[in-house]
Amino acid sequence: MKNKGLILVLLILVIIITAMVSVLFVVNREDRQSEPIEKNFDEFFYVATEDSDAILYDKKLKSAAVYYNLITGKSISKSDLKSAYKNKNELYKDYIKNYNEYSIEAVRDSLDLIARREFDCFFYSALTEEQQSTVDDILYSIQKLADSYYGEDKVYAFDLSYDQQLELYNLYLDSSYMLDEIRMKKSEDKNRMLVDCPTYYPEYVNLSEDVILRHFEGRKRDDKITFNEDDLEIDAFYYNLISESDVTVEDLENAYYERNELCYNFLCYEQNCCSEIENTLWNISFKEGQAVSFAEGKDTFPKLDKKGKREIEKIYLREQEIVADYYRDRRVMLYALSEAQKDEVYKAYVDPDYQMDSSVMGDRDLYSRNPKYVKHGVITYINGNNIVVENQHNEGIKEYEGKYYDLSGLKEGDYVEMVFDDKLDSIGFASHKYDGIQFIKIEVQEK
Numbered sequence: 000m001k002n003k004g005l006i007l008v009l010l011i012l013v014i015i016i017t018a019m020v021s022v023l024f025v026v027n028r029e030d031r032q033s034e035p036i037e038k039n040f041d042e043f044f045y046v047a048t049e050d051s052d053a054i055l056y057d058k059k060l061k062s063a064a065v066y067y068n069l070i071t072g073k074s075i076s077k078s079d080l081k082s083a084y085k086n087k088n089e090l091y092k093d094y095i096k097n098y099n100e101y102s103i104e105a106v107r108d109s110l111d112l113i114a115r116r117e118f119d120c121f122f123y124s125a126l127t128e129e130q131q132s133t134v135d136d137i138l139y140s141i142q143k144l145a146d147s148y149y150g151e152d153k154v155y156a157f158d159l160s161y162d163q164q165l166e167l168y169n170l171y172l173d174s175s176y177m178l179d180e181i182r183m184k185k186s187e188d189k190n191r192m193l194v195d196c197p198t199y200y201p202e203y204v205n206l207s208e209d210v211i212l213r214h215f216e217g218r219k220r221d222d223k224i225t226f227n228e229d230d231l232e233i234d235a236f237y238y239n240l241i242s243e244s245d246v247t248v249e250d251l252e253n254a255y256y257e258r259n260e261l262c263y264n265f266l267c268y269e270q271n272c273c274s275e276i277e278n279t280l281w282n283i284s285f286k287e288g289q290a291v292s293f294a295e296g297k298d299t300f301p302k303l304d305k306k307g308k309r310e311i312e313k314i315y316l317r318e319q320e321i322v323a324d325y326y327r328d329r330r331v332m333l334y335a336l337s338e339a340q341k342d343e344v345y346k347a348y349v350d351p352d353y354q355m356d357s358s359v360m361g362d363r364d365l366y367s368r369n370p371k372y373v374k375h376g377v378i379t380y381i382n383g384n385n386i387v388v389e390n391q392h393n394e395g396i397k398e399y400e401g402k403y404y405d406l407s408g409l410k411e412g413d414y415v416e417m418v419f420d421d422k423l424d425s426i427g428f429a430s431h432k433y434d435g436i437q438f439i440k441i442e443v444q445e446k
């Protein structure tokens, strides 16, 4: 009987504590809602801060101007956005109202897609201003073709798959080109995820001279510096991938001597996937018939001339487009696939009509294989694509902070269900907070 009495007392205490926590949660939430958090829009204008991806911010602002023009029908420039940020004028307000980080990323991908086919370059941002204007105009023309094809169903070209965008690009090049109706079929599936920016280590600027030289694949012997240009070629290509640049081995060698901005950007950005990329380039060399075996491909790629290497790297970028289309997720990288999956991707590169083997490629929603968190809570903050949701937890209030591609229709105070990947390697968390989340779904729920 004593044990039963003790259990009853403990149960009552738990109920009381839970009720108190609930009350505190509601009171705290109401207090926060009565004092709106001042919102900062620097992120919308890609203002560089000490911990920002400064190497990309100006490039992103150019894409943001093109995005704004596409959805409003207006014609502004990157300079106009900079001026709007400074003067807080009507454009400033309208740009904030229309801002969508996910769509701006998609526009930049579309510009890259065109740039690779119009010019001998890897990324749009590496072009001259005149060349960029040419690419801008082509994308505007492609949007008009999309408007004509889809009619009243408004479809933005940047929301289409790369394959569909290339169909419209072919029509742009040749007005008699017949669009493939099967390829052009409208789909609700969109590439809605953001690629994580590489980690930036500003302290690497102060590395010792010997370490910096090794980072540039260099060796010093008898006061003479030599570079391993085969390894530096891979480093340059990886740097281009993460920075949307088009630097060469020669650019990096000069950067080492000049200690310019490129030198310190190259030093400070994490480069931890070079071996996988190198392996993939060897694989492509083998498939392109420049080696009789994969083992020989390992030796063949470094021996190619500059033009030969660049052609292999262009194939890599095209295959990355195919991968993003298949999985509908920019985060899935070609270099991370298995050899069997890379074989399937190469077949699709050679023959656009080839249907990749799903038993080899796996789930089209690659990330669906990861466990999912399904949580409920109240929205306490929305700004652009940024959102904070709080819920009651056994240990108190838990915060979930991250981004979602479409927050229209949601407002602060809404009770929602949220779903996100259980990928703790990419999500920062403390006892009271998860941050850096890319939400898969957020929907309003009845309490």
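Numbering (numbering that gives the first Met the number 0), first residue to last: 0 to 446.
Glycine included, C-beta positions come from ideal geometry on N, C-alpha and C.
| query | result |
| --- | --- |
| Which residue marks the beginning of the beta strand (DSSP E) containing Asn264, and which one marks its end? | It is not in any beta strand (DSSP E) - Asn264 instead sits in the alpha helix (DSSP H) that spans 260-267. |
| For Lys374, report the span of its beta strand (DSSP E) as first-last. | 371-382 |
| What does DSSP give as the partner residues of Asp420 in its beta bridges? | Lys371 |
| Indicate whether the contact test is met: 3 or more Cβ pairs, each with one atom in the segment 190-201 and one in the segment 319-338, closer than 8 Å. | yes |
| With the cut-off set at 7 Å, would you say Glu252 and Phe236 are in Cβ contact? | no |
| How would you call Arg218, buried or exposed, if buried means at least 16 neighbouring beta carbons within 10 angstroms? | exposed |
| Are at least three pairs of beta-carbons, each pair with one atom in the segment 311-323 and one in the segment 331-350, less than 8 Å apart? | yes |
| For Asn205, write down the residues that DSSP places opposite it in a beta bridge. | None; Asn205 has no bridge partner. |
| Would the segment 145-159 and the segment 122-135 be scored as touching if the rule is three or more Cβ pairs under 8 Å? | no |
| Have a look at Met414 and His375 and give me their C-alpha separation to the nearest angstrom. | The question names Met, but residue 414 is Tyr in the sequence shown. Rounded to whole angstroms, Tyr414 to His375 spans 7 Å at the Cα level. |
| What does a CB cutoff of less than 7 Å around Met183 pick up in its chain, not counting 5 residues either side in sequence? | Tyr148, Gln163, Glu166 |
| For Tyr199, which of Tyr263, Tyr345, Tyr66 has the nearest alpha-carbon? | Tyr263 |
| Any contact between the segment 243-258 and the segment 166-182? By contact I mean 3 or more CB pairs, one from each, below 8 Å. | no |
| Kindly indicate which three-state DSSP category Gln319 falls into: helix, strand or coil? | helix |
| Using the C-alpha atoms, what's the distance from Arg363 back to Glu442? | 23 Å |
| On the DSSP letters alone, give me the boundaries of the beta strand (DSSP E) that Arg115 sits inside. | Note, Arg115: premise wrong, no beta strand (DSSP E); alpha helix (DSSP H) at 100-117. |
| For the beta strand (DSSP E) holding Glu442, just list the boundary residues, first then last. | 432-443 |
| With distance defined between alpha-carbon atoms, name the residue in Lys59, Gln270, Glu42 nearest to Glu243. | Lys59 |
| Determine the contact status of Tyr491 and Phe43, defining contact as a CB-CB distance below 7 Å. | This structure leaves residue 491 out entirely; the chain is present only between 0 and 446. |
| For Tyr171 versus Ile141, is the C-beta distance shorter than 7 Å? | yes |
| From what residue to what residue does the beta strand (DSSP E) around Glu275 run? | Not the beta strand (DSSP E): Glu275 falls in the alpha helix (DSSP H), residues 273-284. |
| As a quick exercise: from Val204, Tyr256, Lys306, Met417, pick the residue whose alpha carbon is nearest that of Lys223. | Tyr256 |
| Give me the DSSP bridge partner(s) of Tyr414. | Val377 |
| Going straight from the alpha carbon of Gln499 to that of Thr71, what length do you get? | Because the chain is modelled from 0 through 446, residue 499 falls outside the range shown and cannot be assessed. |
| Quick check: what's the CA-CA separation for Leu112 versus Gly401? | 28 Å |
| Taking its Cβ as the centre, do 16 or more other Cβ atoms sit within 10 Å of Ser132, making it buried, or is it exposed? | exposed |
| Between the Cα of Ile396 and those of Leu212, Val377, Ser358, Asn384, spot the shortest distance and give me the residue it belongs to. | Val377 |
| Smallest Cα separation from Phe265: which of Ile241, Glu287, Ser274, Ile276? | Ile241 |
| For Lys313, which of helix, strand or coil comes out of DSSP? | helix |
| Quick check on DSSP: helix, strand or coil for Glu243? | coil |
| Could you pull the DSSP bridge partners for Arg363 from this structure? | In the DSSP output, where bridge partners are listed per residue, Arg363 has none listed. |
| Which one or two residues does DSSP pair with Ile386 in a beta bridge? | Ile381, Gly401 |
| Looking at the strands, I want to know which residues DSSP matches up with Gln391. | Ile396 |
| Round the Cβ separation of Leu261 and Ile311 to the nearest angstrom and send it over; I've been treating them as touching at under 8 Å. | Wrong, their Cβ atoms sit about 23 Å apart, outside the cutoff. |
| Give the straight-line distance between the Cα atoms of Ser207 and Phe118, rounded to the nearest whole angstrom. | 39 Å |
| Based on Cα-Cα distance, which residue from Leu159, Glu129, Glu287 lies nearest to Glu187? | Leu159 |
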